[in-house]
Each structure stands twice: as C-alpha cells, then as structure tokens.
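Visitor:
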C-alpha cells in the first residue's frame, strides 16, 4: 500500500514559470507509481464490493445464483488489480527469491486443485498430464507463474489442457498450457498481451531460467515454458519394455487399441496382422470421414495412417483430434518399401514404416510411440 506524502512547495519544482523544459514532468518516469496506485485502488474497491455482495447473500437479499453472477466479474476485476500489483513488484525488484528444489508436477497439481471450484463455476473442462520433474526456483514465484499462465489462457476458450514433463532437447522441465474454443471464433475483446501475459513475461525476466513461447490460432492458444534450471526428471520412455520379452510386452500393451486409415485392403490387412502379433486390438477404415465416426465410438491409443491419403485432409483431422486429447501418436505407412524411421519428440513428428516392412518394423514403431506417451 502506498503511503500518502504530504504536499509541499518543493513537491512541484517544475510548476514555476520558466521552468527548464528538460526537467518538465513526464509520465514515462512516473508510470510505475501510476500502475501501483491504480492496482491498489482496484483491489481495495473490489474487496469492498465483494464484501457487500456477500452481505446481501447472508441477508437473503440476493439468491445464490445472483451472488455467483456478481462474484465472477468482481473476481476478474480484482485479478486485474492483483496482476498489476505483482507486475510492479517484480519490475521493481521487490520480490525476494530463495531458489529451492521444487517438484513442479506437485506444484501444478496444487494450483489446479486450488482453482477446481472456480473452473467448475465457469464451466471449464480441465485435462492434465503431469510427470515428476524438479526445478530450482522460488516456490512462491513458481506458484504465481503457473497461476498467471492459466489466467492468460482462460480468456480464450473453455477446454484447458495442462502438461508438465521433460522436454526432449534441451533436457528442461516443460510446462504447457493449451486452451481451445471448440472451433468457435475468439471474442474480439480478448487481448493476447493482457495483464496476465505481461505478468508471465515479467516473472520470466525476474525469476531467470524460464524461456517462454506462445502460439495463437483461431482455435485457441498455447503457452510453453522451459525451465533451464531442471535438476531431476523421470522420463516415461523407460516405463515400457522394448526388449524381446514377449510376456512383458503383452503386459505393457494390455488394453491398447489402434485405428488404421488406408484405402488399400492389403495395407489394412498387413497392419492388422502385425499388431495382432504383439497383442494389440485394432480396427481399420478407408478415409478420414470414417475415421471421425470410429473415433467418436472409441478413442484409439494410436492411429496408423497411409501416406497415400495424407494430402486428403489429414492435417484437419489431426487438429480435430487434438481438441479431444492433449497429444496423440501417429505412425505413417510410407510408399518406400524398406523405410523405417522413428519419430522425434516434436508435437507433429511421426514414425514411418515402409509398405514392405510392416510385418517386421511396425510393432517396434508402435511400441516406441506408445512409450513416449506414458
């Protein structure tokens, strides 16, 4: 809270006639104080307003639904004030940091649990995938950062995907927040460079060791933060046994379901037989329209797609699928009979198996792709 300073004649040195123009008052030099003052007024005003709303509810003057309808915009206004306060504090170096080993998966889960009721009230659909990974960071700063990342994304849609894992390269802890709007065009009132985004950026600068990237499309937004001070992580690839031990392999693949998309009967048959040999249940369709209906009936764990029809709407089909799941593995059947390429760790990377190599290599490719998802 800013204290009121008693006004004196010396408080306004440039109001005298003939004052040096170089010493004239400028907003550029005073905007941090202006930001702090506005933030304090906003948070104080909304606190008083919320108390009044709560009092009306306790006296039976408004219903629970009316109380909720009034509280939501009040909370949003208050959040703006709090964000402005935090931006000012980080900018001014007023945040003391004590870097500790923080389990980011637990911290992110804690934030999501704290906001569980809020998400329910707003009708938001939340999905998460959190892997154990530790980072050297101030716990309070990390908590504020995760909240700010969520606050920024929430304005862009109603489906939230949160992921915490280890980036393939460089080996840094990675926080990903993706918000989608189910194809509805975003509101013109949404601001990409909102107060929440400014707070995200300012924390990244002040905390150090956080690399931030974002993507905005008509279908929503995504934010990726890499923590360079990663100290420990558990890589899920080791969770699946890629050896020749058939009993271990069958246990790992229990319940796995694969969908094949190909207009060629021989390819569908070869893929089915190769998957059956490693204990995987599969179905096949001839095009993406049939694939959409199949996915609605049962969501597969992996999709095998024939390269022959990749140019016939595959990108649209994949985007539609990624609205339903945070990530999804594909294996492509390529026209090169002997090809066999494992995928990388990019979001749109795919393994490739040649048409003449399906029986020998498809099982290994599928195992590797499924292992990356664990």
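In this note's numbering, the protein residues as written are 1131 to 1504.
Quick reminder that beta carbons are idealized off the backbone N, C-alpha and C, glycines included.
Quick one: Cα of residue 1349 to Cα of residue 1448, how far?
Guide: The straight-line gap from Cα to Cα measures roughly 13 Å.
Visitor: Label residue 1282 either buried or exposed according to how many other C-beta atoms from any shown protein chain fall within 10 Å of its C-beta, with 16 as the threshold for buried.
Guide: When all chains shown are included, residue 1282 counts as buried.
Visitor: DSSP puts residue 1412 in a beta bridge; with which residues?
Guide: Paired residue(s): 1388.
Visitor: Run the CB neighbour count on residue 1263, radius 10 Å, all protein chains shown included, and call it buried at 16 or more, exposed below.
Guide: Burial call: buried.
Visitor: Taking the alpha carbon of residue 1290 as the point to measure from, which residue in 1259, 1433, 1310 and 1296 has its own alpha carbon closest?
Guide: The option with the nearest alpha carbon to residue 1290 is 1310.
Visitor: Do you know how far the Cα of residue 1359 is from the Cα of residue 1172?
Guide: Residue 1172 and residue 1359: Cα-Cα distance of roughly 36 Å.
Visitor: Count the other CB atoms, across all protein chains shown, that sit within 10 Å of the CB of residue 1500; report buried if there are 16 or more and exposed otherwise.
Guide: That one is buried.
Visitor: Measure the alpha-carbon distance for residue 1354 versus residue 1297 and round it to whole angstroms.
Guide: Cα to Cα, residue 1354 sits roughly 10 Å from residue 1297.
Visitor: Measuring only the C-alpha atoms, how far is residue 1376 from residue 1401?
Guide: Because the pLDDT of residue 1376 is 41, which lies under 50, any placement of that residue in the model is unreliable, and the number read from its coordinates should be weighed accordingly. Rounded to the nearest angstrom, the two C-alpha atoms are 19 Å apart.
Visitor: Tell me, to the nearest whole angstrom, how far the beta carbon of residue 1357 is from that of residue 1267; I am working on the premise that it is less than 8 Å.
Guide: The Cβ separation is near 7 Å, so the contact holds.
Visitor: Closer than 6 Å: is that where the CB of residue 1278 sits relative to any heavy atom of the ligand HEM?
Guide: Of the ligands one can find in the structure shown there are none, so the ligand HEM has no counterpart to examine.
Visitor: By DSSP's criteria, residue 1241 is part of a beta bridge. Which residues make up the other side?
Guide: For residue 1241, which the question treats as bridged, DSSP gives no partner whatsoever.
Visitor: What did DSSP end up calling residue 1233 once you bin it into helix, strand or coil?
Guide: If DSSP states are grouped into helix, strand and coil, residue 1233 belongs with the strands.
Visitor: Could you tell me the distance, in whole angstroms, from the CA atom of residue 1284 to the CA atom of residue 1465?
Guide: Answer to the nearest angstrom: the Cα atoms are 43 Å apart.
Visitor: Specify, as a first and last residue, the run of the beta strand (DSSP E) that residue 1345 falls within.
Guide: Where residue 1345 is concerned, the enclosing beta strand (DSSP E) stretches over 1340-1347.
Visitor: Kindly identify the DSSP beta-bridge partner or partners of residue 1483.
Guide: BP columns for residue 1483 point to 1463 and 1470.
Visitor: Please identify the residue among 1338, 1443 and 1492 whose C-alpha is closest to the C-alpha of residue 1397.
Guide: Taking only the C-alpha atoms, the option nearest residue 1397 is 1492.
Visitor: Using only the alpha-carbon positions, how far apart do residue 1456 and residue 1395 sit?
Guide: Cα to Cα, residue 1456 sits roughly 31 Å from residue 1395.
Visitor: According to DSSP, simplified to helix, strand and coil, what is residue 1492?
Guide: Residue 1492: helix per DSSP, three-state reduction.
Visitor: Where residue 1196 and residue 1389 are concerned, what is the direct C-alpha to C-alpha distance, given to the nearest angstrom?
Guide: Their backbone Cα atoms lie some 48 Å apart in a straight line.
Visitor: Quick check on DSSP: helix, strand or coil for residue 1206?
Guide: Helix.
Visitor: Output the residue ranges of the alpha helix (DSSP H) runs that lie fully inside the segment 1409-1456 and measure 4 residues or longer, sorted by chain position.
Guide: Those alpha helix (DSSP H) runs which fall completely within the segment 1409-1456 and span 4+ residues are 1418-1427 and 1444-1454.
Visitor: List the DSSP bridge partners of residue 1406.
Guide: DSSP lists no partner for residue 1406.
Visitor: Kindly indicate which three-state DSSP category residue 1357 falls into: helix, strand or coil?
Guide: Strand at residue 1357.
Visitor: Going by DSSP in three states, residue 1350 sits in which element: helix, strand or coil?
Guide: DSSP places residue 1350 in strand when its eight states are reduced to three.
Visitor: Take residue 1312 as the anchor and find which of 1334, 1270, 1305 and 1347 has the nearest alpha-carbon.
Guide: It is 1347 whose Cα lies nearest to the Cα of residue 1312.
Visitor: How would you write the range of the alpha helix (DSSP H) that residue 1250 sits in, first residue to last?
Guide: 1246-1251 is the extent of the alpha helix (DSSP H) around residue 1250.
Visitor: Leaving aside the five residues before and after residue 1180 along the sequence, list all residues of the same chain whose C-beta is less than 7 Å from its C-beta, in chain order.
Guide: 1201 and 1204, listed in sequence order.
Visitor: Name the residue from 1227, 1270 and 1276 whose alpha carbon lies nearest to the alpha carbon of residue 1245.
Guide: The residue with the shortest Cα to Cα distance from residue 1245 is 1276.
Visitor: Where do the ends of the beta strand (DSSP E) carrying residue 1260 lie?
Guide: Residue 1260 -> beta strand (DSSP E) spans 1255-1260.
Visitor: Using beta-carbon positions only, say whether residue 1260 and residue 1306 come within less than 7 Å of one another.
Guide: No, Cβ-Cβ distance for residue 1260 and residue 1306 is not below 7 Å.
Visitor: Taking the beta carbon of residue 1257 as the centre, do at least 16 other beta carbons fall within 10 Å, making it buried, or is it exposed?
Guide: Counting Cβ neighbours within 10 Å, residue 1257 comes out exposed, since fewer than 16 surround it.
Visitor: Hey, quick one: how far does the beta strand (DSSP E) through residue 1281 stretch, first residue to last?
Guide: Segment 1269-1284 is the alpha helix (DSSP H) holding residue 1281; no beta strand (DSSP E) there.
Visitor: Assign residue 1300 to one of two classes, buried (16 or more other C-beta atoms within 10 Å of its C-beta) or exposed (fewer than that).
Guide: By the 10 Å Cβ count, residue 1300 comes out exposed.
Visitor: Bridge partners for residue 1265 per DSSP, in chain order?
Guide: In the DSSP output, where bridge partners are listed per residue, residue 1265 has 1232 and 1360.
Visitor: If you compare alpha carbons, which of 1338, 1252 and 1154 is closest to residue 1220?
Guide: Ranking 1338, 1252 and 1154 by Cα distance to residue 1220 puts 1338 first.
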